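Undergrad: According to the UniProt record's numbering, the sequence shown holds residues 1 to 625 in order. A virtual CB, placed ideally from N, CA and C, is assigned to each residue, including glycine. Predicted, not measured: the structure shown is a model, and the values here were computed from it.
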Amino acid sequence: MTRVADRFTSGFDADIVEAWIADDPDTQTATALSTILAAAREGDEAALADLEDRFAGPLAFGTAGLRGEIAAGPNRMNRAVVIRAAAGLSRFLLNTVGEGFTFVIGCDARYKSADFATDTAAVITAAGGTAIQLPDQLPTPLLAFALSHLQADAGVMVTASHNPPDDNGYKVYLGKRPLQAIESDPAAAESGAGAQIVSPADALIAAQISAIESVASVPRAESGWERLDESIVESYLERIDALNVSSGTDLNIVLTSLHGVGASVAEAALARTGFGNVHPVASQQAPDPDFPTVAFPNPEEAGALDESYALAREVGAELIIANDPDADRFSAAIPDTSTAAGYRQLSGDEVGLVLGEEIAARLAQGTHHSVETIEAHLSDDQSAVPAEAAAAPVFANSIVSSRGLAAAACSHGFAVISTLTGFKWISRVPGLVFGYEEALGYCVDPTAVRDKDGISTAVTFAALASRLKESGSDIETELDRIRNRDGYFATAPLSFRFDDVSLIATAMAKLRENPPTSLAGSRVVEVHDLSAGYEALPPTDGILLLSESNSRVIVRPSGTEPKLKCYLEVVAEPSELEAATEADTRAAARAGLRLPATSASASLRPALTQRLTSISTELKAFFGL
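(1) Below 6 Å CB to CB, which residues in the same chain sit around S614 once its five sequence neighbours on both sides are set aside?
(2) Hey, how far is the Cα of S558 from the Cα of L530?
(3) According to the neighbour-count rule (16 or more other Cβ atoms, all chains shown, within 10 Å of its Cβ), is A187 buried or exposed?
(4) If you drop the 5 nearest sequence neighbours on each side, which residues of the same chain put their C-beta closer than 6 Å to that of A5?
(5) Around the Cβ of V400, are there at least 16 other Cβ atoms within 10 angstroms (buried) or fewer (exposed)?
(6) In the DSSP assignment, find the unbroken alpha helix (DSSP H) run with A85 in it and report its ends.
(7) Cα separation between L464 and E358?
(8) Measure the C-alpha to C-alpha separation of F291 and E238 and round it to an integer number of angstroms.
(9) Got a sec? Which residues, its chain only, sit under 7 Å from L346 by beta carbon, not counting five neighbours each side?
(10) Following the continuous alpha helix (DSSP H) through D153, name the residue where it begins and the one where it ends.
(11) Going along the chain, which unbroken runs of the beta strand (DSSP E) with 3 or more residues stay wholly within the segment 477-523?
(12) Quick check on the DSSP output: the alpha helix (DSSP H) that includes R272 runs from which residue to which?
(13) Output the residue ranges of the alpha helix (DSSP H) runs that lie fully inside the segment 197-258 and measure 4 residues or longer, sorted by chain position.
(14) Excluding the five sequence neighbours on either side, which residues of its own chain have a C-beta within less than 7 Å of the C-beta of A406, listed in chain order?
(15) Are there 16 or more other CB atoms within 10 angstroms of the CB of Q151, so buried, or fewer, so exposed?
(16) Taking V566 as the reference, give the member of S161, T560, E226, R552 with the closest Cα.
(17) Starting from Q28 and walking both ways along the alpha helix (DSSP H), at which residues does that stretch end?
(18) With burial defined as no fewer than 16 other Cβ atoms inside 10 Å of the residue's Cβ, what is the status of R512: buried or exposed?
(19) Which of helix, strand or coil does DSSP assign to A76?
(20) In the DSSP assignment, what residue or residues form a beta bridge with C107?
(21) Can you name, in chain order, every residue of its own chain whose Cβ lies under 6 Å from the Cβ of D23, other than the five neighbours on each side?
(22) Can you tell me whether V97 is buried or exposed, with buried defined as 16 or more other CB within 10 angstroms of its CB?
(23) For N298, which residues does DSSP report across the bridge?
(24) Suppose the cutoff is 8 Å on Cβ atoms and the five residues either side in sequence are ignored; what does the same chain contact list for P141 look like?
(25) Does DSSP classify Q137 as helix, strand or coil?
(26) Over what stretch of residues does the beta strand (DSSP E) that includes E437 continue unbroken?
(27) Identify whether P557 lies in helix, strand or coil by the three-state DSSP scheme.
(28) Using C-beta distances below 6 Å, list every residue in its chain close to D119, excluding the 5 sequence neighbours before and after it, in chain order.
(29) Under three-state DSSP, which class holds E526?
(30) Please confirm whether G169 and G194 have their CB atoms less than 8 Å apart.
(31) What number of angstroms, rounded off, separates the C-alpha of L243 from the C-alpha of H369?
(32) What are the partner residues of residue 702, as DSSP defines its beta bridges?
(33) Give me the Cα-Cα distance between E437 and R41, rounded to the nearest whole angstrom.
(34) What span of residues does the beta strand (DSSP E) with V416 cover, start to end?
(35) Decide if G356 is buried, meaning its Cβ has at least 16 other Cβ atoms within 10 Å, or exposed.
(36) Closer than 7 Å by C-beta to L147: which residues in its own chain qualify, once you throw out the five before and the five after it? Chain order, please.
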């Protein structure tokens with residue numbers, strides 16, 4: 001069969017476009033591409049530039065699988081690209097596992113998601129695999145759970161997570177058997193089973209995809225795959241029950257799913273945990289691929305929680321819970337009368353700190369669910385204890401996340417590991433009991449879901465807030481307690497977007513050649529080029545700066561956007577917190593005032609914020625932006 005080219009090799013080539021159109025199984029995208037081709041032939045420069053971009057090469061397959069704009073052509077997300085990807089995955093699994101491999105497929109509610117899932121099932125079935133398709137429009141954590149629960153060999157989640165409405169993606173996970181075939185270290189296969197792919201799997205799969213000659217050459221079954229019913233959701237909820245977290249007293253909660261697929265599962269999980277006073281944001285509750293009420297469907301983005309704030313003020317909510325559209329991320333906001341909204345959104349690092357503290361404390365007390373899991377196995381057969389469960393408990397976060405988790409876990413006697421950015425790295429840490437990244441990703445049950453999970457995290461966080469309320473405390477007070485013990489690690493993000501992506505490499509080169517010598521007035525004492533590796537981490541493109549006052553800056557190119565990302569952190573030791581509180585108390589006494597008890601964090605926050613602002617200003621000047 002003639003190979004259908006997936007790129008222009010020497011400028012615009014109408015024959016290559018026509019061949020792609022003829023091979024496209026989707027009449028909608030084929031027609032759209034035909035229209036663009038006709039315009040290009042008539043001299044339309046915009047159409048020509050569009051085609052050159054669409055045929056610059058195939059959509060890159062890497063450790064995030066595929067992700068891109070839904071449109072026609074090899075450099076976009078469409079049925080032709082997905083069928084090729086599914087065929088490459090099938091060949092990889094046939095080579096590593098053999099016929100009869102099992103493959104789980106899930107999808108969200110974005111445009112074309114259901115079509116991409118069905119095409120994948122058809123390809124897998126025709127290739128001799130056992131395809132298992134989840135019910136449509138379920139969260140990403142359900143796919144990750146099903147992969148482990150069913151002991152499948154691989155899985156795909158069709159989702160673009162919190163990307164803009166025009167995008168879709170193809171997130172790939174591997175089970176134990178294919179990893180055992182490609183990993184030289186058996187422990188790596190064990191700890192990576194159920195997680196998103198990393199090297200060398202990504203390159204091996206990409207090579208198989210590139211070997212696919214055409215869509216027409218890929219067999220597709222018309223039936224024969226299994227469709228799971230809603231019982232898989234019940235199994236997932238039963239696993240959340242097993243986390244052994246529950247409400248101490250009821251909380252008034254506002255929940256938003258940002259037009260995604262998490263609402264029904266999140267509401268069910270909260271109800272089973274004892275929360276009966278949950279108010280969904282009605283305008284954002286049902287899945288809607290257009291995401292009409294938000295500029296970007298990402299809880300991190302400014303304005304994403306505006307409708308949640310409005311409802312929270314109306315109902316007097318004590319906690320706001322937000323998931324992104326595929327519900328693998330979690331964000332929380334708490335009451336704060338000093339803000340215009342009446343609520344303060346916690347940073348990803350703050351949520352990671354209180355969750356890490358909670359899990360470390362429960363482990364130390366022997367009340368964490370993983371302790372019960374090990375004991376249950378031991379009562380039957382010690383040899384049956386999963387290697388992951390039997391390992392010493394380990395906490396992990398990405399290197400760009402705060403060092404506060406390390407301080408908190410160490411206070412309880414537990415080890416902490418820093419990983420490269422991305423949950424594909426965090427989730428495969430051996431012995432992991434809790435992992436997080438500052439970009440709102442948390443894993444509270446890695447044995448069942450070896451990925452970030454916004455729903456089990458929501459339940460765990462709400463239960464913690466409830467128990468704190470019952471004891472007369474709250475999340476802000478808990479943060480203050482931890483900081484008084486371990487120090488205050490204040491963080492802030494800083495990003496620079498570039499229209500010309502080549503400028504990102506230029507900026508990184510400048511940073512390597514002549515890095516800043518001070519951060520907010522404190523001398524830089526360490527500069528580490530992460531591309532050479534750092535503290536047992538694999539090489540990655542980034543620079544780490546550390547100052548005499550323990551301020552830290554990490555600069556790296558974004559892996560998914562044309563951005564240079566900077567992660568800023570400044571630190572106050574416990575003695576500084578104590579001194580700041582005493583200074584506030586003395587100042588109030590001199591003024592003849594009796595102030596309510598002021599937290600150490602609140603006393604020192606302005607100074608730390610000023611340090612972060614100073615570093616941000618310095619970096620902008622350094623990069624000339």
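TA: So, to answer that:
(1) The residue you call residue 614 lines up with position 614 of the sequence shown. So the list reads A520, once near-sequence residues are dropped.
(2) The residue given as residue 558 occupies position 558 in the sequence shown. The residue given as residue 530 occupies position 530 in the sequence shown. Straight-line Cα distance between these residues: approximately 14 Å.
(3) Mapped onto the sequence shown, residue 187 falls at position 187. It counts as exposed.
(4) Indexing the sequence shown from 1 puts residue 5 at position 5. The residues are I16.
(5) Within the sequence shown, numbered from 1, the residue matching residue 400 stands at position 400. Buried, because 16 or more other Cβ atoms sit within 10 Å of the Cβ of V400.
(6) Position 85 of the sequence shown, counting from 1, holds the residue named residue 85. From DSSP, the alpha helix (DSSP H) with A85 extends over 79-96.
(7) On the sequence shown, residue 464 is found 464 positions in, with the first residue counted as 1. On the sequence shown, residue 358 is found 358 positions in, with the first residue counted as 1. So the alpha carbons of these two residues sit roughly 8 Å apart.
(8) Taking the first residue of the sequence shown as position 1, residue 291 is located at position 291. Taking the first residue of the sequence shown as position 1, residue 238 is located at position 238. Going from the Cα of F291 to the Cα of E238 covers about 30 Å.
(9) For this step, residue 346 is matched to residue 346 along the sequence shown. So the list reads A332, A333, I334, once near-sequence residues are dropped.
(10) Against the sequence shown, residue 153 aligns to sequence position 153. Element bounds for D153: n/a, residue is neither H nor E.
(11) 488-497
(12) Here residue 272 corresponds to residue number 272 of the sequence shown, with the count starting at 1. Its alpha helix (DSSP H) spans residues 263-272.
(13) 201-210, 231-241
(14) Here residue 406 refers to the residue found at position 406 when the sequence shown is read from its first residue. Closer than 7 Å at Cβ, skipping near neighbours: V416.
(15) By one-based count along the sequence shown, residue 151 stands at place 151. Result: exposed.
(16) Within the sequence shown, residue 566 is the residue found at index 566, counting from 1. The sequence given here has Cys at residue 566, not Val. Of S161, T560, E226, R552, the residue nearest in Cα terms is R552.
(17) Taking the first residue of the sequence shown as 1, we reach residue 28 at position 28. Start and end: 27-41.
(18) In the sequence shown, residue 512 corresponds to position 512, counting from 1. Looking at its Cβ environment, which holds fewer than 16 other Cβ atoms inside 10 Å, R512 is exposed.
(19) Working through the sequence shown from its first residue, we reach residue 76 at position 76. Note that residue 76 is Arg in the sequence shown, not Ala. Three-state result, R76: coil.
(20) In the sequence shown, counting from the first residue as 1, residue 107 sits at position 107. Paired residue(s): V158.
(21) Along the sequence shown, one-based indexing puts residue 23 at 23. For D23, where only same-chain residues beyond five positions count, the Cβ hits under 6 Å are V4, S214, V215, A216.
(22) Within the sequence shown, residue 97 is the residue found at index 97, counting from 1. The residue is buried, with at least 16 neighbouring Cβ atoms inside 10 Å.
(23) Within the sequence shown, the letter at position 298 stands for residue 298. DSSP output for N298 lists no bridge partner at all.
(24) The residue labelled residue 141 in the question sits at position 141 within the sequence shown. Excluding residues within five positions, the ones whose Cβ falls inside 8 Å are Y236, A327, D328, V449, D451, K452, D453, G454, I455, S456.
(25) Within the sequence shown, numbered from 1, the residue matching residue 137 stands at position 137. If DSSP states are grouped into helix, strand and coil, Q137 belongs with coil.
(26) Working through the sequence shown from its first residue, we reach residue 437 at position 437. E437 -> beta strand (DSSP E) spans 432-437.
(27) Position 557 of the sequence shown, counted from the first residue, corresponds to residue 557. In this structure, P557 counts as strand in the three-state DSSP scheme.
(28) Numbered from 1 along the sequence shown, position 119 holds the residue referred to as residue 119. R79, V82, I83, listed in sequence order.
(29) Here residue 526 refers to the residue found at position 526 when the sequence shown is read from its first residue. In the structure shown, E526 sits in a strand (DSSP, three-state: E or B).
(30) For the purposes of this step, residue 169 is identified with residue 169 of the sequence shown, where counting begins at 1. For the purposes of this step, residue 194 is identified with residue 194 of the sequence shown, where counting begins at 1. Cβ distance not < 8 Å, so G169 and G194 don't count as in contact.
(31) As a working note, residue 243 is residue 243 in the sequence shown. As a working note, residue 369 is residue 369 in the sequence shown. Straight-line Cα distance between these residues: approximately 5 Å.
(32) Not covered by the structure: residue 702. The range shown for the chain is 1 to 625.
(33) Position 437 of the sequence shown holds residue 437. Position 41 of the sequence shown holds residue 41. When rounded, the distance between both Cα atoms is 48 Å.
(34) Walking along the sequence shown from the start, residue 416 turns up at place 416. From DSSP, the beta strand (DSSP E) with V416 extends over 415-419.
(35) Along the sequence shown, read from residue 1 onward, the residue named residue 356 stands at position 356. With 16 or more Cβ atoms within 10 Å of its Cβ, G356 is classed as buried.
(36) For the purposes of this step, residue 147 is identified with residue 147 of the sequence shown, where counting begins at 1. Answer for L147: V104, G155, Y173, G175, G194, listed in chain order.
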